[in-house]
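For any residue, its number in my numbering is found by taking its place in the sequence shown, counting from 1, and adding 4.
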Amino acid sequence: MSAVRPGEAGATRACPHCKATILESSAVCPACRGHLRFDASASDAAQRFVPLQVEGTINGNDTGSFEYTMVVVIRNERGEEVGRHVAGVGAVHPGEARSFNVTVEAVPVGVGKRRLKH
5 MSAVRPGEAG ATRACPHCKA TILESSAVCP ACRGHLRFDA SASDAAQRFV PLQVEGTING
65 NDTGSFEYTM VVVIRNERGE EVGRHVAGVG AVHPGEARSF NVTVEAVPVG VGKRRLKH
């Protein structure tokens, strides 16, 4: 999990449904979409924004099948790797296609939570 203390901005926990590591403040798991609590205010949803979204498609070609690995890497402001995750693997055969979408969702930190300095 996170080195950040519970209740602080960036603190994480395990989803009780799928065991993915998620933000402690999440009302819905971004991995399995399971509801975690029902007390989230409508204003929280209105404050959400998407600072990054990338979408692309790979197509199979007539020269044969190929395999792919989708890796998500997160780096801090110094370029140091702080997270790496294999999001999926598979194969694309002639005439097939795969679409990929990477989205970063963000919500401002609520009052009472402070950002830890590192």
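Beta carbons are placed, not taken as given, at the ideal position from N, Cα and C, and that holds for glycine. Just so you know, these numbers come straight off a predicted model, no measurement behind them.
What residue range does the beta strand (DSSP E) around N80 cover? Looking at the DSSP string, N80 is not in any beta strand (DSSP E), and its letter there is neither H nor E.
Using a 10 Å radius around the Cβ and a threshold of 16 neighbouring Cβ atoms, would you call C22 buried or exposed? Exposed, since its Cβ has fewer than 16 Cβ neighbours within 10 Å.
Return the Cβ separation of V111 and Q51 in integer angstroms, given the expectation that the two are a contact with Cβ distance under 8 Å. In this structure V111 is in contact with Q51, their Cβ atoms being roughly 6 Å apart against a cut-off of 8 Å.
Using the C-alpha atoms, what's the distance from H39 back to C33? Approximately 6 Å between the Cα atoms of the pair.
Comparing C-alpha positions only, which one of N105, E28, G11 and E12 sits nearest to A18? The option with the nearest alpha carbon to A18 is E28.
The beta strand (DSSP E) enclosing G60, as first and last residue numbers: Annotation for G60: the continuous beta strand (DSSP E) segment containing it runs F53 to N63.
Compare the Cα-Cα distances from A24 to each of F70, E109 and H89 and report the closest residue. When each option's Cα is compared against that of A24, the closest is H89.
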